[in-house]
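Numbering (mature numbering (1 follows the signal peptide of the UniProt record, and there is no 0)), first residue to last: -22 to -1, 1 to 263.
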Amino acid sequence: MIKYIRVLFMLLIAVIPFGVFAQSGHIASDGKDAVAIASRNLSISCNKTSMLVFPAEIQSADRGAAYVLAERVKGSKNVLKVKAGRPDFDPSSLTVITADGQVYVFNVTYTASPACLVLDFRNDLSGEAPVRFKEQALNSAEMVSSAAAAKGRAPFFKRVHREKYGLDFKLEGIYIQKEVLFFKFRLHNASSIPYIRSSLNFFIRDLKTTKRTAMQDNELKPLYTQSWGMPEDDTGQMIVVALPRFTIADNKKLTLELMERDGDRAISLDLKERKFRKTKELYHQ
């Protein structure tokens, strides 16, 4: 009898774990089911370069094999160029994570002549971002809608601007939504030479220095940038930039540097701490 009970007990130990995993079918974390991220097909060639345009800055790009060549386009933070290192390779993968928390997974295959060389994902803003960065509280869809909301708000800074080279670079408002600051700018070009913006950079610097070095600069990385119109338009170009929430001390300043593509017409704007006291809630009327 004792021998029979012992055998039955051993059988139960072997069967119960199998039954638990057979019913589950997935691993859950914190009570939430894991979500599979759909992969996309990407065909690349040795002789042609494919461009992937994302709605936010590229944080990382992981290649499944060394013969998948990928690097960010110089002067751009959201464009990745991809090419084959050798022909007729075995299928591989490419995973890209962007600053808005989105994950893009590609099944990479070789073709001598890709049907499409530019894939633009800037309008592909679907649902909750699967990756959350510590400093970010908005997903990609919320980021886009919040930037549009900032664009529609009436300006409340009247004389925070810089004029140079026939350009008028003006700050019209600072807004906060969750843990994200939205800066609203207007750029107007009154010169006869069109102005094409290459980047808008943000640095926290000492208010008074005798000799500025790179070590004294604390660069802030934008989470999202959107613009409407052209600097040569009658109403100028509207630019909204999203940054992780931050504060600055009385002895610091925020320097904004607007850089021209293929040109030297750089223009900067300094903001002291007192300007940030006027920051408004984005959806508070």
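Glycine is no exception: its CB is placed at the ideal position from the N, C-alpha and C atoms.
Secondary structure at M216, three-state DSSP: helix, strand or coil? Stepping through the sequence shown from its first residue, residue 216 is reached at position 238. Note: M216 maps to strand in three-state DSSP.
Sort K162, V57, C24 and L20 by Cα distance to Q37 and report the nearest one. On the sequence shown, position 59 is the one that residue 37 refers to. Closest by alpha carbon: V57.
If we count the other Cβ atoms within 10 Å of its Cβ and call it buried at 16 or more, is G214 buried or exposed? The count along the sequence shown starts at 1 and reaches residue 214 at position 236. Per the 10 Å Cβ criterion, buried.
When you compare each of I226, K258, E235 and E238 to K250 by their alpha carbons, which one comes out closest? The sequence position of residue 250 within the sequence shown is 272, counting from 1. Looking at the Cα atoms, I226 is the closest of the given residues.
Grouping DSSP H, G and I as helix and E and B as strand, with all else coil, what is K258? Taking the first residue of the sequence shown as 1, we reach residue 258 at position 280. Note: K258 maps to strand in three-state DSSP.
What's the C-alpha gap between E259 and D212? As a working mapping, residue 259 is identified with position 281 in the sequence shown. As a working mapping, residue 212 is identified with position 234 in the sequence shown. If I take the Cα positions, the gap works out to 29 Å.
Would you mind reading off the limits of the alpha helix (DSSP H) that contains V122? By 1-based counting over the sequence shown, the position of residue 122 is 144. Boundaries of the alpha helix (DSSP H) around V122: S118 to G130.
Please state the DSSP three-state secondary structure of E113. Residue 113 sits at position 135 when you count from the first residue of the sequence shown. Below a pLDDT of 50, predicted positions are generally treated as unreliable, and E113, at 47, falls in that range; the measurement from the model is reported next regardless. Note: E113 maps to coil in three-state DSSP.
Do V158 and L116 have their C-beta atoms within less than 7 Å of each other? Counting from 1 along the sequence shown, the entry for residue 158 is found at position 180. Counting from 1 along the sequence shown, the entry for residue 116 is found at position 138. Contact: yes.
Answer with buried or exposed for K136, where buried requires no fewer than 16 other C-beta atoms within 10 angstroms of its C-beta. Taking the sequence shown and counting its residues from 1, one reaches residue 136 at position 158. Answer is exposed; the Cβ neighbour count stays below 16.
Alpha carbon to alpha carbon, how far is A62 from S28? Give it in angstroms, no decimals. If you number the sequence shown from 1, residue 28 lands on position 50. If you number the sequence shown from 1, residue 62 lands on position 84. Answer to the nearest angstrom: the Cα atoms are 10 Å apart.
Rounding to the nearest angstrom, what Cα-Cα distance links L232 and F134 in this structure? On the sequence shown, position 254 is the one that residue 232 refers to. On the sequence shown, position 156 is the one that residue 134 refers to. When rounded, the separation of the alpha-carbon atoms in L232 and F134 is 19 Å.
If you follow the beta strand (DSSP E) that R164 is part of, which residue opens it and which one closes it? Sequence index remark: in the sequence shown, residue 164 carries index 186 (1-based). Boundaries of the beta strand (DSSP E) harbouring R164: V158 to N167, taken from the DSSP string.
Go ahead and pull the three-state DSSP assignment for R18. In the sequence shown, the residue the question calls residue 18 occupies position 40. The answer is strand: DSSP assigns R18 an E or B state.
Quick one: measure Cβ to Cβ for W206 and K156, integer angstroms, because I've assumed they're closer than 8 Å. Within the sequence shown, the letter at position 228 stands for residue 206. Within the sequence shown, the letter at position 178 stands for residue 156. Wrong, their Cβ atoms sit about 23 Å apart, outside the cutoff.
Helix, strand or coil for E150? Go by DSSP, reduced to three states. Start at 1 with the first residue of the sequence shown, and residue 150 comes out as number 172. Reduced to three states, the DSSP call for E150 is strand.
Quick check on R64: does DSSP put it in helix, strand or coil? Your numbering for residue 64 matches position 86 in the sequence shown. DSSP places R64 in coil when its eight states are reduced to three.
Taking its Cβ as the centre, do 16 or more other Cβ atoms sit within 10 Å of Y153, making it buried, or is it exposed? The sequence position of residue 153 within the sequence shown is 175, counting from 1. Per the 10 Å Cβ criterion, buried.
Can you tell me the Cα-Cα spacing of A16 and G241, whole angstroms? For the purposes of this step, residue 16 is taken as the residue at position 38 of the sequence shown. For the purposes of this step, residue 241 is taken as the residue at position 263 of the sequence shown. When rounded, the distance between both Cα atoms is 41 Å.
Where does R252 sit, in a helix, a strand or coil, going by DSSP? Along the sequence shown, one-based indexing puts residue 252 at 274. Note: R252 maps to helix in three-state DSSP.
Excluding the five sequence neighbours on either side, which residues of its own chain have a C-beta within less than 6 Å of the C-beta of E235, listed in chain order? Within the sequence shown, the letter at position 257 stands for residue 235. So the qualifying residues of the chain are N179 and S246.
Between the Cα of L165 and the Cα atoms of S177, L149 and S176, which residue gives the shortest distance? For the purposes of this step, residue 165 is identified with residue 187 of the sequence shown, where counting begins at 1. Among S177, L149 and S176, the Cα nearest to that of L165 belongs to L149.
Check this for me: beta carbons of P172 and E210, under 7 Å apart or not? Reading the sequence shown from its first residue, position 194 is the one you call residue 172. Reading the sequence shown from its first residue, position 232 is the one you call residue 210. E210 is positioned such that its CB atom lies closer than 7 Å to that of P172.
Using three-state DSSP, classify D228 as helix, strand or coil. For the purposes of this step, residue 228 is taken as the residue at position 250 of the sequence shown. Coil, per DSSP.
Identify whether K52 lies in helix, strand or coil by the three-state DSSP scheme. For the purposes of this step, residue 52 is taken as residue 74 along the sequence shown, with counting starting at 1. DSSP places K52 in coil when its eight states are reduced to three.
Going by alpha carbons, who is nearest to R100 out of I22, F224, L221 and E35? Sequence index remark: in the sequence shown, residue 100 carries index 122 (1-based). Of I22, F224, L221 and E35, the residue nearest in Cα terms is E35.
Among F181, Y202, F67 and E49, whose alpha-carbon lies nearest the alpha-carbon of Q80? Counting from one through the sequence shown, the residue named residue 80 turns up at place 102. Ranking the options by Cα distance to Q80, first place goes to Y202.
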